[in-house]
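Reviewing the structure listed below.
Numbering (the numbering used here), first residue to last: 75 to 152.
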């Protein structure tokens, strides 16, 4: 699951070139890898790819700060 998320961000969303690729613990928003529009696209991807519904109250930084956080969030939804 985590590898799919990383690949999607690297190929579709990253605002800047990622030297050496994206690490699962890298801050997605603070580092500028994703902006707010990119975050909404990521949420749409997660809903489509993994069949989960991200509720408005779950759209918090704690769930989406890093790929590892996103992965943990998705596991908790299963």
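Beta carbons are placed, not taken as given, at the ideal position from N, Cα and C, and that holds for glycine.
Just to confirm my understanding: we take residue 151, look at its own chain, exclude 5 residues before and 5 after, and list those with CB closer than 7 Å. What are they?
In the chain shown, the residue the question calls residue 151 occupies position 77. Contacts found: 126.
For residue 107, count neighbouring C-beta atoms within 10 Å of its own C-beta (all shown protein chains included) and say buried if the count is 16 or more, exposed if not.
Residue mapping note: residue 107 aligns to position 33 of the chain shown, counting from 1. Burial call: buried.
Taking the CB atoms as reference points, tell me whether residue 128 and residue 76 lie closer together than 8 Å.
In the chain shown, the residue the question calls residue 128 occupies position 54. In the chain shown, the residue the question calls residue 76 occupies position 2. Contact: no.
May I ask you to report which of helix, strand or coil DSSP gives residue 134?
In the chain shown, the residue the question calls residue 134 occupies position 60. Here residue 134 sits in coil by DSSP.
Taking only the alpha-carbon atoms, compute the straight-line gap between residue 138 and residue 144 and give it to the nearest angstrom.
In the chain shown, residue 138 corresponds to position 64, counting from 1. In the chain shown, residue 144 corresponds to position 70, counting from 1. Cα to Cα, residue 138 sits roughly 5 Å from residue 144.
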